[in-house]
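Trainee:
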Amino acid sequence: MELLQKKIVEEGIALSETVLKVDRFLNHQIDPQLMSEIGKEFATRYQDEKVTKIVTLESSGIAPAVMTGLVMGVPVVFARKKKSLTLTEGLITSSVYSYTKQETTDISMSNKFVDQTDRVLVIDDFLANGQAALALIDLIDKAGAEVAGIGIVIEKAFQDGGMLLREKGYRVDSLARIASLNNQTIQFATEEET
Ligand code: 5GP
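Quick note, the sequence shown lines up with residues 1 to 194 if you use UniProt numbering.
(1) If you reduce the DSSP assignment to three classes, tell me which class S95 lands in.
(2) Exposed or buried, V122, counting other C-beta atoms within 10 Å across all chains shown (16 or more means buried)?
(3) Just checking Q131 against the ligand GDP - is the residue's beta carbon closer than 6 Å to any of the ligand's heavy atoms?
(4) Taking D118 as the reference, which of D141, G161, L127 has the closest Cα?
(5) Comparing the CB of V55 with every heavy atom of the ligand 5GP, is any distance shorter than 6 Å?
(6) Quick one: residues in its chain with C-beta nearer than 6 Å to the C-beta of E49, no 5 flanking neighbours on either side, listed in chain order?
(7) Leaving out five residues before and five after A65 in sequence, what residues of the same chain have Cβ atoms less than 6 Å from its Cβ?
(8) List the endpoints of the continuous alpha helix (DSSP H) containing residue 196.
(9) Please classify G90: is it buried, with 16 or more other beta-carbons within 10 angstroms of its beta-carbon, or exposed?
(10) Just mark K83 as buried or exposed, buried being the case when its beta carbon has 16 or more other beta carbons within 10 Å.
(11) Let me check one thing: in DSSP terms, what residues is L121 bridge-paired to?
(12) Check this for me: beta carbons of G161 and L127, under 7 Å apart or not?
(13) Nearest CA to the CA of G61: which residue from I150, A179, A157?
(14) Residues in the same chain with beta-carbon distance under 8 Å from S95, minus the five sequence neighbours each way, listed in chain order, please.
(15) Give every residue of the same chain whose Cβ lies closer than 6 Å to the Cβ of L4, excluding the five residues on either side of it in the sequence, and list them in chain order.
(16) Below 6 Å CB to CB, which residues in the same chain sit around K101 once its five sequence neighbours on both sides are set aside?
Written out as structure tokens, the structure is:
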């Protein structure tokens with residue numbers, strides 16, 4: 001997606017050879033116009049997939065997920081990273097291991113909002129080693145629903161997540177694919193290199 005690549009080039013910062021900072025438009029300050037275009041793009045790509053619900057992870061997945069849900073006309077559920085006082089019944093949980101933080105976090109979702117009648121589009125901000133996406137897929141499996149695909153705003157193609165998910169047979173759509181962050185330079189991979 002050209003608009004997104006332009007934004008990454010202009011406002012993204014390669015913090016290291018593995019971490020990209022995009023807090024000017026996605027991870028802290030949010031660019032609603034860009035999120036709206038991202039929503040339209042995911043909705044176009046998944047228009048024939050009979051999606052009934054979108055599932056994402058708080059907090060940075062929420063903006064692109066809501067914009068996609070708006071265009072597709074389906075509800076958006078975000079898995080929680082912290083236990084909620086009001087969310088206690090019918091809780092489905094899974095664990096996410098973060099290679100970057102070297103820690104495991106539990107994520108949870110109510111079985112009230114996703115069930116066996118649903119076909120779910122998973123949306124997240126980044127795809128690195130794929131652990132967050134796998135945990136969301138696990139929640140959807142436990143809810144008895146089907147995964148239609150995984151929509152990622154920025155995939156770091158030099159890490160294993162994309163390969164892992166595609167090898168498992170999931171459809172993965174990334175709107176920008178980063179090939180390398182070496183020498184503080186952001187290089188993009190083309191879709192063909194998947
Ligand atoms: P994974 O589980 O695929 O290894 O990592 C995905 C999660 O880690 C994303 O939801 C995102 O929050 C975070 N993440 C991974 N790599 C980066 C990165 O380079 N920049 C930012 N801002 N977040 C990242």
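Just so it is clear, CB atoms sit at the ideal spot from N, CA and C, and this is done for glycine as well.
Mentor: This is what the structure holds:
(1) Here residue 95 is taken as the residue at index 95 of the sequence shown, counted from 1. Three-state DSSP puts S95 in a strand.
(2) By 1-based counting over the sequence shown, the position of residue 122 is 122. Answer is buried; the Cβ neighbour count reaches 16.
(3) Annotation note on the ligand GDP: not contained in the displayed structure, which lists the ligand 5GP as its ligands.
(4) Taking the sequence shown and counting its residues from 1, one reaches residue 118 at position 118. When the alpha-carbon of D118 is set against those of D141, G161, L127, the nearest one is in D141.
(5) Within the sequence shown, the letter at position 55 stands for residue 55. For the ligand 5GP, not one heavy atom lies less than 6 Å from the Cβ of V55.
(6) In the sequence shown, residue 49 corresponds to position 49, counting from 1. Excluding its 5 nearest sequence neighbours in each direction, E49 has C-beta neighbours in its own chain below 6 Å: A148, listed in chain order.
(7) Here residue 65 is taken as the residue at index 65 of the sequence shown, counted from 1. Correct list, in chain order: I54, T56, V76, I123.
(8) As shown, the chain starts at 1 and ends at 194. That puts residue 196 outside it, with no answer to give.
(9) Numbered from its first residue, the sequence shown carries residue 90 at position 90. G90 is exposed by the Cβ-count criterion.
(10) Looking up residue 83 in the sequence shown gives position 83. K83 comes out exposed.
(11) Translated into the one-based positions of the sequence shown, residue 121 becomes position 121. Among the bridge pairs identified by DSSP, L121 is matched with I54, G149.
(12) Here residue 161 refers to the residue found at position 161 when the sequence shown is read from its first residue. Here residue 127 refers to the residue found at position 127 when the sequence shown is read from its first residue. The answer is yes: Cβ separation under 7 Å.
(13) Here residue 61 refers to the residue found at position 61 when the sequence shown is read from its first residue. Its Cα nearest to that of G61, the residue I150 stands out among I150, A179, A157.
(14) Here residue 95 is taken as the residue at index 95 of the sequence shown, counted from 1. Contacts found: T104, T105, D106, I107, A135.
(15) By 1-based counting over the sequence shown, the position of residue 4 is 4. Cβ within range, chain order: L175, A176.
(16) To locate residue 101, count along the sequence shown from 1; it is residue 101. Taken in chain order, the list of residues that qualify is empty.
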